[in-house]
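FYI, in the numbering used here the residues of the sequence shown are 557 to 673.
Shown next, in structure tokens, is the structure this report addresses.
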Amino acid sequence: MSEYINNAEKRRNDLMAFSMGMMNGEDGKVLMEKYKEAIENVTPQDMLKIEDKQMQMGITPNQIKGDIEKIINVFFQSLNRYPWKKPAEGSFLFYLMLENDAFTFKLNQVKRIIKNY
């Protein structure tokens with residue numbers, strides 16, 4: 557498995573094949589089984605590389621958006637486990653993350669209000 561993790565190009569090719577299969581309406585369960593190892597080892601960088609490659613292939617952002625939710629749902633657990641170094645306190649990214657947390661809090665408040673109606 558560690559060989560697979562280190563072989564980013566193979567992993568990204570498999571993830572691209574999975575993504576394109578989902579976009580083309582292929583059976584998601586079959587694709588998930590076929591590309592299971594790649595899915596279990598996906599990184600945030602892989603996601604960006606895949607999207608970039610799709611755009612280079614002429615796939616429009618609207619086409620990508622049509623299926624991205626399903627694809628991210630499949631990748632979510634692996635991406636959630638991905639270890640990353642949090643930005644230093646006081647950095648620009650640190651403040652963006654604080655702002656994002658505040659937006660999330662406000663959106664959850666609105667969601668509760670809407671659910672009560």
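For each residue, glycine too, the CB sits at the ideal point set by N, CA and C.
If only complete runs of 4 or more residues are kept, the stretch 585 to 619 shows the alpha helix (DSSP H) at 592 to 596 and 600 to 612, in order along the chain. Taking all protein chains shown into account, S575 has 16 or more neighbouring C-beta atoms within 10 Å of its C-beta and is therefore buried. N563 is the residue among L663, G614 and N563 whose C-alpha sits nearest the C-alpha of D602.
Nearest to L571 by alpha-carbon distance, out of Y638, E645 and I627, is I627. When DSSP states are grouped into helix, strand and coil, S575 belongs to the helix group.
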